[in-house]
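Undergrad: Numbering (full-length UniProt numbering), first residue to last: 1 to 333.
By construction, the Cβ of each residue, glycine as well, lies at the ideal position given by its N, Cα and C atoms.
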Amino acid sequence: MEESDEHSHFPKYLQEDDITLECKELIQTLPMEKGWVSTHLHQYQGFWQTKKHLQGVLSFQKHFQAHDTDIILATSPKAGTTWLKALIFALLNRKRYPNIHDNNHPLLTTNPHVLVPFLELSLYIEKDILPDINSFSAPRLFSTHVPYKSLPKSIKDSTCKVVYLCRDPKDTFASMWHFTNKIRPQNRETLQLEESFEKFSRGVSLFGPFWEHLLGYWKESLERQEKVMFLRYEEMKMKPCFYLKEVAEFLGCPFSKEEESKGVVDDILNLCSFEKLSNLEVNKFGKLPSGEENKAFFRSGKVGDWKTLLSIEMIERLNTVIEQNLGKHGMSF
Ligand code: PAP
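(1) Please list the terminal residues of the continuous alpha helix (DSSP H) segment that includes residue 213.
(2) For residue 203, is the classification buried or exposed, using 16 other Cβ atoms within 10 angstroms of its Cβ as the cut-off for buried?
(3) Short of 6 angstroms in beta carbon distance, which residues of its chain neighbour residue 53, apart from the five on each side in sequence? Order them along the chain.
(4) Just to confirm my understanding: we take residue 117, look at its own chain, exclude 5 residues before and 5 after, and list those with CB closer than 6 angstroms. What are they?
(5) Checking 8 angstroms against the spacing of the C-beta atoms, do residue 215 and residue 329 come in under that value?
(6) Is it true that the CB of residue 184 sits closer than 8 angstroms to the CB of residue 37?
(7) Looking only at its chain, what residues have a beta carbon closer than 6 angstroms to the beta carbon of residue 75, apart from the 5 residues adjacent to it on each side?
(8) Examine chain D for any beta-carbon lying closer than 8 angstroms to the beta-carbon of residue 50, and answer yes or no.
(9) If you follow the alpha helix (DSSP H) that residue 233 is in, where does it begin and where does it stop?
(10) Relative to the C-alpha of residue 62, which candidate in 239, 128, 200, 244 has its C-alpha closest?
(11) Where does residue 125 fall in DSSP's three states?
(12) Assess, as a yes-or-no matter, whether the stretch 156-164 is touched by the stretch 55-71 under the definition of 3 or more beta carbon pairs within less than 8 angstroms.
(13) Taking contact to mean 3 or more Cβ pairs, one atom from each stretch, closer than 8 angstroms, check whether the stretch 129-148 and the stretch 267-274 are in contact.
(14) Give a yes or no on whether the C-beta atoms belonging to residue 91 and residue 268 are separated by under 8 angstroms.
(15) Tell me the rounded alpha-carbon separation between residue 1 and residue 120.
(16) Quick check for students: name the residue ranges of the alpha helix (DSSP H) that lie wholly in the stretch 138-214, counting only runs of 4 or more.
(17) Tell me which residues share the same chain as residue 5 and place their Cβ nearer than 6 angstroms to its Cβ, disregarding the 5 neighbours each side in the sequence.
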């Protein structure tokens with residue numbers, strides 16, 4: 001029996017039998033490193049995965065058939081996935097739930113990760129069981145942490161839309177470190193900050209290197225603007241109204257003048273705000289089907305919280321890594 005690693009989204013204990021033969025054989029051929037917690041990470045198509053994630057990725061790559069109307073939310077872990085899921089779910093379902101104050105909105109009783117499932121971490125994670133996603137009504141809304149280059153061909157070839165959200169790697173690291181500590185098995189000591197930081201800076205984190213993840217979607221967003229929309233957490237925090245309207249345009253469901261004057265944009269932003277979501281019963285006391293507490297996905301929701309965690313040396317080191325890998329592509333944080 002092996003403990004699953006950081007950011008589970010799937011059951012904590014992984015039996016050898018839960019892994020397909022195909023995945024076991026592939027793993028023998030891949031570079032390997034010790035992960036942040038206890039299990040190993042395996043480098044597949046340039047990105048680090050746990051065994052179980054890898055199996056989900058393989059099944060997703062093999063079986064998922066995109067529809068032209070699908071919408072895929074892509075993020076690297078801890079970039080603000082929960083927020084993006086809530087916002088876009090509320091945006092797409094605004095006609096179905098026109099009165100957000102009516103208490104019947106699904107986001108008031110259900111965690112965003114349940115409403116917008118991960119393809120590789122949830123829908124395609126079970127060995128030998130394929131999800132029945134053809135019954136989902138259009139537009140189907142899914143999410144993924146899989147890097148652009150590893151997405152199934154049908155996503156790239158179809159006209160389905162991809163919305164990517166990234167975040168300052170210093171905050172991403174801080175969020176990931178706190179989260180991994182929170183969900184670690186009770187009998188494990190607190191993660192060593194220095195050790196996790198060293199791995200993150202070398203690119204060894206779930207779906208890392210973070211810079212390659214970000215660049216894959218960034219380049220595609222420049223080449224195919226109608227296909228991939230590239231968003232930053234910090235900018236969305238600063239101008240949420242502007243970006244929600246931009247996303248609505250991009251997804252082909254712009255707000256009408258009437259909706260704007262009725263305050264629909266603000267209603268969605270309020271419903272999906274950190275304060276609102278984190279204080280709901282479901283997110284304070286509920287759990288995901290995979291066993292994680294919903295509250296683990298709501299910590300501080302701030303920009304720049306890394307200042308409370310990282311030493312001056314760490315900040316310098318990460319800034320250098322960011323500059324070396326992203327600076328030449330015109331990106332900075
Ligand atoms: P995931 O990629 O593992 O699904 P994700 O949702 O990206 O997780 O990570 C949670 C982060 O998003 C937390 O950041 P923090 O640790 O720096 O606080 C969490 O607080 C933040 N978050 C969750 N919901 C919201 C929200 N509604 N608005 C802004 N930030 C949010």
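TA: Here's the rundown:
(1) Residue numbering aside, residue 213 sits at position 213 when the sequence shown is read from its first letter. Where residue 213 is concerned, the enclosing alpha helix (DSSP H) stretches over 210-223.
(2) Residue mapping note: residue 203 aligns to position 203 of the sequence shown, counting from 1. By the C-beta density criterion, residue 203 is buried, having at least 16 other C-beta atoms within 10 angstroms.
(3) Translated into positions along the sequence shown, residue 53 becomes position 53. Exclusion of the five residues before and after residue 53 leaves no residue of its chain whose Cβ lies closer than 6 angstroms to its Cβ.
(4) As a position in the sequence shown, residue 117 is number 117, starting the count at 1. Around residue 117: 123.
(5) Counting from one through the sequence shown, the residue named residue 215 turns up at place 215. Counting from one through the sequence shown, the residue named residue 329 turns up at place 329. The answer is yes: Cβ separation under 8 angstroms.
(6) Locating residue 37 in the sequence shown gives position 37, counting from the first residue. Locating residue 184 in the sequence shown gives position 184, counting from the first residue. Taking 8 angstroms as the Cβ cut-off, residue 37 and residue 184 qualify as a contacting pair.
(7) Here residue 75 refers to the residue found at position 75 when the sequence shown is read from its first residue. So the list reads 81, 165, once near-sequence residues are dropped.
(8) Among the chains in the structure shown there is no chain D, since it carries only a single protein chain.
(9) Within the sequence shown, the letter at position 233 stands for residue 233. 233-238 is the span of the alpha helix (DSSP H), which, as asked, contains residue 233.
(10) Taking the sequence shown and counting its residues from 1, the one referred to as residue 62 is at position 62. The shortest Cα separation from residue 62 among 239, 128, 200, 244 belongs to 128.
(11) Sequence index remark: in the sequence shown, residue 125 carries index 125 (1-based). In the three-state scheme derived from DSSP, where H, G and I count as helix and E and B as strand, residue 125 is classed as coil.
(12) Touching, yes, given that three or more Cβ pairs across the two stretches are closer than 8 angstroms.
(13) As far as the Cβ criterion goes, the stretch 129-148 does not touch the stretch 267-274, which means the pair count is below three.
(14) Position 91 of the sequence shown holds residue 91. Position 268 of the sequence shown holds residue 268. For residue 91 and residue 268, yes; Cβs fall inside 8 angstroms.
(15) In the sequence shown, counting from the first residue as 1, residue 1 sits at position 1. In the sequence shown, counting from the first residue as 1, residue 120 sits at position 120. Note that residue 1 scores a pLDDT of 39, beneath 50, so its modelled location is shaky; the value from the coordinates is reported in the next line. Spanning the two alpha carbons is a distance of roughly 22 angstroms.
(16) The DSSP assignment places 153-157, 169-183, 193-201 as complete runs of the alpha helix (DSSP H) inside the stretch 138-214, in order along the chain (cut-off: 4 residues).
(17) Counting from 1 along the sequence shown, the entry for residue 5 is found at position 5. Low confidence applies here, because residue 5 scores a pLDDT of 49, under 50, leaving its location unreliable; read the following figure in that light. Within its own chain, the residues whose Cβ lies closer than 6 angstroms to the Cβ of residue 5, once the five positions on either side in sequence are excluded, are 35, 37, 39, 50, listed in chain order.
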